[in-house]
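**Student:** A single structure is presented below for examination.
Protein chains: 2
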Amino acid sequence: MQLDSNQWNLVYNVFSFGLVSMLACTIYTLVSQQRVLAKYRNALVMSSMVTFIAGYHYLRIFDSFKHASEGGKVLLDGSQNSFNEAYRYVDWLLTVPLLLVEVIAVLALAKEVSRSLITRLVPASAAMIALGYPGEISSDQNTQVMYGVLSTLPFIYILYVLFVELGKSLERQPAGVAETVGRLRLLLIATWGVYPIAYIFNIVGDASSSSFVTVQVGYTIADVLAKCVFGLTILKIARMKSMAEGMKDDH
Amino acid sequence: MQLDSNQWNLVYNVFSFGLVSMLACTIYTLVSQQRVLAKYRNALVMSSMVTFIAGYHYLRIFDSFKHASEGGKVLLDGSQNSFNEAYRYVDWLLTVPLLLVEVIAVLALAKEVSRSLITRLVPASAAMIALGYPGEISSDQNTQVMYGVLSTLPFIYILYVLFVELGKSLERQPAGVAETVGRLRLLLIATWGVYPIAYIFNIVGDASSSSFVTVQVGYTIADVLAKCVFGLTILKIARMKSMAEGMKDDH
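Protein chains in written order, with this note's numbering: chain A, 2 to 252; chain B, 2 to 252.
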């Protein structure tokens, strides 16, 4: 894939932006733990782990892109020295279930409710990612469509659990929390929407350099929203709940 | 060993997955110490050390695999530039005894019981690993079988100590702890079972690329289960015990 120098530099710098955003967010959520009550700290730690894992993968993606390129030409043939897109799947396999657990953890629901939500969301989200991968690496259009459809089924189930099941628990949350969780849920759906769009783009789109650039920039912005902005929203919810439960607003 | 590009990429990405899982788990157990009573924190620190040591070795294994490969051909002849499988043995020599000490530490048994279990489990587990190594590097089938059998003897002794001796101590644990320790012990046996299977696979199996891929992927998944999932289970047990001893469930 031959990129012109503007395209190549855009992708390179967007990867670097993704990397440093994840690292900064990791440290921020780690050192902010004292600002929330003890019961909400685990949600913050999980957010740190999500951005830590994503930071690791952006470091690898950044290096892989650099080493797979020569004069703006990026090697994409799956050979040893080509750009390794699979880092994204390994990342999602770990971070997507963690993001869902993070939402449940910050709500501090009753133990049996938490457990029931987690035991349904975690396998569903892992299945969603794992089923997407064979389609991503295949070059056969029917296989791509089949795994695209298969991967959509757990995605719809996750939407059902988040909007219908989780919705019931939001009524008992302090003022403002339900609205923020609602926004968090929309953020999650909006950013996760980027991934199937990019997937369809790969199937029907032309193999042009501008498609490649659009997909890489789109993935990176979606990752920063779905992990960093998401984590900062989790911190905000944890602080709202901590204050509703009597923590002094001087932290 | 010539791998096709899917095989090479699978092994490469599985190593990267192992590496980042170990690192994330190390940080998670380190920062979660305040969530358990002080007497259980050493078990968590040991779990961090196990995943830290394993993370180091996965970094080395990942780099070694990359540098020993050229166009999907992996050098395995034991020369200076070949893939260094011995990192796994160094890793196990350190982490396997630590994992066993971790189990004993989280149970907080009477001092003399702990000491007696540790002085038997640590030498047995070190002997198990050390006796496997000469068989692993040998290319003579009789030598391989001999060291395989020798290494199995301490393994059986460890099973005896864990199931019979440790079993007696579990009766005095708080509700739920005995079941979780039981599951932990099964996790340990199930994942440790992968190593002798891979060892036998090396002796009787063909030297095909798919055997190589199966063994590497199998080892990595077993390591993630035996170290990360194991460590998170140790954290769960430590929390159950902390709460049974009066720690407030708000952490």
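Here a beta-carbon is modelled for each residue, glycine too, at the ideal position from N, C-alpha and C.
As the structure is a prediction and not an experimental result, all values here were calculated from the model.
Assuming contact is defined by CB atoms lying nearer than 8 Å, are M244 of chain B and T181 of chain B in contact in what I supplied?
**Tutor:** By 1-based counting over the second sequence, the position of residue 244 of chain B is 243. By 1-based counting over the second sequence, the position of residue 181 of chain B is 180. The answer is no: Cβ separation not under 8 Å.
**Student:** Nearest by alpha-carbon distance to Q35 of chain B: which of A:L77, A:N43, A:A111 and A:K169 is it?
**Tutor:** Locating residue 35 of chain B in the second sequence gives position 34, counting from the first residue. Ranking the options by Cα distance to Q35 of chain B, first place goes to A:N43.
**Student:** List, in order along the chain, the chain B residues whose C-beta lies closer than 8 Å to that of R240 of chain A?
**Tutor:** Along the first sequence, read from residue 1 onward, the residue named residue 240 of chain A stands at position 239. Ordered by position in chain B, no residue passes the 8 Å Cβ test against R240 of chain A, which lies about 16 Å from the chain.
**Student:** So, at 6 Å on beta carbons, what are the nonlocal neighbours of F213 of chain A in its own chain, with the 5 sequence-adjacent residues on each side left out?
**Tutor:** Taking the first sequence and counting its residues from 1, one reaches residue 213 of chain A at position 212. Result list for F213 of chain A: M2, in chain order.
**Student:** Residues bridged to E71 of chain A by DSSP?
**Tutor:** Translated into the one-based positions of the first sequence, residue 71 of chain A becomes position 70. In the DSSP output, where bridge partners are listed per residue, E71 of chain A has A:K74.
**Student:** Would the stretch 158 to 168 of chain B count as touching the stretch 178 to 195 of chain B if we require 3 or more Cβ pairs under 8 Å?
**Tutor:** Output reads yes: the stretch 178 to 195 of chain B touches the stretch 158 to 168 of chain B.
**Student:** Counting pairs of Cβ atoms below 8 Å between the stretch 132 to 149 of chain A and the stretch 198 to 207 of chain A, do you hit three or more?
**Tutor:** At 8 Å Cβ cutoff, the stretches touch.
**Student:** Starting from G73 of chain B, find everything on chain A with Cβ-Cβ shorter than 9 Å and list it in chain order.
**Tutor:** Taking the second sequence and counting its residues from 1, one reaches residue 73 of chain B at position 72. In chain order: S80 and Q81.
**Student:** According to DSSP, simplified to helix, strand and coil, what is Q217 of chain A?
**Tutor:** As a working note, residue 217 of chain A is residue 216 in the first sequence. Q217 of chain A falls in the helix class under three-state DSSP.
**Student:** Alpha carbon to alpha carbon, how far is A69 of chain B from D141 of chain B? Give it in angstroms, no decimals.
**Tutor:** Within the second sequence, residue 141 of chain B is the residue found at index 140, counting from 1. Within the second sequence, residue 69 of chain B is the residue found at index 68, counting from 1. The alpha-carbon atoms of D141 of chain B and A69 of chain B are separated by roughly 24 Å.
**Student:** Distance, Cα to Cα, A227 of chain A vs S126 of chain B?
**Tutor:** The residue given as residue 227 of chain A occupies position 226 in the first sequence. The residue given as residue 126 of chain B occupies position 125 in the second sequence. Spanning the two alpha carbons is a distance of roughly 44 Å.
**Student:** I'd like to know if N43 of chain A contacts chain B, where contact means its C-beta is closer than 8 Å to some C-beta of that chain.
**Tutor:** Position 42 of the first sequence, counted from the first residue, corresponds to residue 43 of chain A. Taking Cβ atoms only, chain B reaches closer than 8 Å to N43 of chain A, which makes this a yes.
**Student:** Among A:A55, A:Y41 and A:V107, which one has its Cα closest to the Cα of S22 of chain A?
**Tutor:** As a first step, residue 22 of chain A must be located in the first sequence, where it is residue number 21. That would be A:A55, whose Cα lies nearest to the Cα of S22 of chain A.
**Student:** In the DSSP assignment, find the unbroken alpha helix (DSSP H) run with N85 of chain B in it and report its ends.
**Tutor:** In the second sequence, the residue the question calls residue 85 of chain B occupies position 84. From DSSP, N85 of chain B is part of no alpha helix (DSSP H); its letter is neither H nor E.
**Student:** Could you compute how far the alpha carbon of V195 of chain A sits from the alpha carbon of W93 of chain A?
**Tutor:** Position 194 of the first sequence, counted from the first residue, corresponds to residue 195 of chain A. Position 92 of the first sequence, counted from the first residue, corresponds to residue 93 of chain A. Distance between the alpha carbons of V195 of chain A and W93 of chain A: 13 Å.
**Student:** Closest to S65 of chain A by CA distance: which of A:Q8, A:A87 and A:M47 is it?
**Tutor:** In the first sequence, residue 65 of chain A corresponds to position 64, counting from 1. Measuring from the Cα of S65 of chain A, the nearest candidate turns out to be A:A87.
**Student:** In the structure shown, what three-state DSSP assignment does Q34 of chain B receive?
**Tutor:** Here residue 34 of chain B corresponds to residue number 33 of the second sequence, with the count starting at 1. Q34 of chain B falls in the helix class under three-state DSSP.
**Student:** Going along the chain, which residues of the stretch 15 to 31 of chain B sit with their C-beta nearer than 9 Å to a C-beta in chain A?
**Tutor:** Answer set for the stretch 15 to 31 of chain B: V15, S17, F18, L20, V21, S22, L24, A25, C26, I28 and Y29.
**Student:** Between L38 of chain B and the rest of its own chain, which residues show a CB-CB distance below 7 Å, the 5 nearest in sequence each way excluded?
**Tutor:** Along the second sequence, read from residue 1 onward, the residue named residue 38 of chain B stands at position 37. Only S243, E246 and M248 meet the Cβ criterion.
**Student:** Between I105 of chain A and L118 of chain A, how many whole angstroms is the CB-CB distance? I'm expecting something under 8 Å.
**Tutor:** The residue you call residue 105 of chain A lines up with position 104 of the first sequence. The residue you call residue 118 of chain A lines up with position 117 of the first sequence. I105 of chain A to L118 of chain A, Cβ: 5 Å. Contact.
**Student:** Can you pull the chain B residues whose beta carbon is under 8 Å from the beta carbon of L95 of chain A, in chain order?
**Tutor:** Mapped onto the first sequence, residue 95 of chain A falls at position 94. Within chain B, the residues near L95 of chain A are F18, V21, S22 and A25.
**Student:** In the DSSP output, what is Q3 of chain B paired with across the bridge?
**Tutor:** Here residue 3 of chain B is taken as the residue at index 2 of the second sequence, counted from 1. DSSP output for Q3 of chain B lists B:K74 as bridge partner(s).
**Student:** Kindly indicate which three-state DSSP category R173 of chain A falls into: helix, strand or coil?
**Tutor:** Here the question's residue 173 of chain A lines up with position 172 in the first sequence. Coil at R173 of chain A, not helix or strand.
**Student:** Roughly how many angstroms separate the alpha carbons of V75 of chain A and F156 of chain A, rounded to a whole number?
**Tutor:** Here residue 75 of chain A corresponds to residue number 74 of the first sequence, with the count starting at 1. Here residue 156 of chain A corresponds to residue number 155 of the first sequence, with the count starting at 1. V75 of chain A and F156 of chain A: Cα-Cα distance of roughly 32 Å.
**Student:** When the distance is taken between beta carbons, is A191 of chain B closer than 8 Å to F53 of chain A?
**Tutor:** For the purposes of this step, residue 53 of chain A is taken as the residue at position 52 of the first sequence. For the purposes of this step, residue 191 of chain B is taken as the residue at position 190 of the second sequence. It is not a contact, given that the beta carbons lie outside the stated cut-off.
**Student:** Is the distance from the Cβ of Q174 of chain A to the Cβ of L100 of chain A below 8 Å?
**Tutor:** As a working note, residue 174 of chain A is residue 173 in the first sequence. As a working note, residue 100 of chain A is residue 99 in the first sequence. Not a contact, by the Cβ cut-off of 8 Å.
**Student:** Residues in its own chain within less than 7 Å of G206 of chain B by CB, not counting five upstream and five downstream?
**Tutor:** Here the question's residue 206 of chain B lines up with position 205 in the second sequence. Same-chain partners within the cutoff: S212.
**Student:** By Cβ distance, which residues of its chain are closer than 7 Å to L20 of chain A, with the 5 residues on each side in sequence left out?
**Tutor:** Here residue 20 of chain A refers to the residue found at position 19 of the first sequence. Hits under 7 Å: G56, Y59, L60 and F63.
**Student:** For the alpha helix (DSSP H) containing A199 of chain B, name the first residue and the last one.
**Tutor:** The residue labelled residue 199 of chain B in the question sits at position 198 within the second sequence. Note, A199 of chain B: alpha helix (DSSP H), V195 to V205.
**Student:** So that I know if they touch, is there some Cβ in chain B lying closer than 8 Å to that of R116 of chain A?
**Tutor:** Within the first sequence, the letter at position 115 stands for residue 116 of chain A. Not an interface residue.
**Student:** At the level of alpha carbons, what is the spacing between L11 of chain B and M147 of chain A?
**Tutor:** Against the second sequence, residue 11 of chain B aligns to sequence position 10. Against the first sequence, residue 147 of chain A aligns to sequence position 146. Rounded to whole angstroms, L11 of chain B to M147 of chain A spans 21 Å at the Cα level.
**Student:** So which residues on chain A does W193 of chain B lean against when the C-beta distance must stay under 8 Å?
**Tutor:** Here residue 193 of chain B corresponds to residue number 192 of the second sequence, with the count starting at 1. Those do not exist, as W193 of chain B stays about 24 Å from chain A at its closest Cβ, beyond 8 Å.
**Student:** Answer yes or no: do V15 of chain A and T221 of chain A have a C-beta to C-beta separation smaller than 8 Å?
**Tutor:** Position 14 of the first sequence, counted from the first residue, corresponds to residue 15 of chain A. Position 220 of the first sequence, counted from the first residue, corresponds to residue 221 of chain A. Yes, these two residues count as a Cβ contact at 8 Å.
**Student:** Against chain A, does N85 of chain B count as a neighbour if the rule is that its beta carbon must be under 8 Å from one of theirs?
**Tutor:** For the purposes of this step, residue 85 of chain B is identified with residue 84 of the second sequence, where counting begins at 1. False, the Cβ-Cβ gap to chain A never drops below 8 Å.
**Student:** Here's a check: name, in chain order, each residue in its chain whose Cβ is nearer than 6 Å to the Cβ of S209 of chain B, leaving out the five neighbours to either side.
**Tutor:** As a position in the second sequence, residue 209 of chain B is number 208, starting the count at 1. No residues qualify anywhere along the chain.
**Student:** Looking only at its chain, what residues have a beta carbon closer than 8 Å to the beta carbon of L160 of chain B, apart from the 5 residues adjacent to it on each side?
**Tutor:** As a first step, residue 160 of chain B is located in the second sequence; it is residue number 159 there, counting from the start. Here the set comprises I190.
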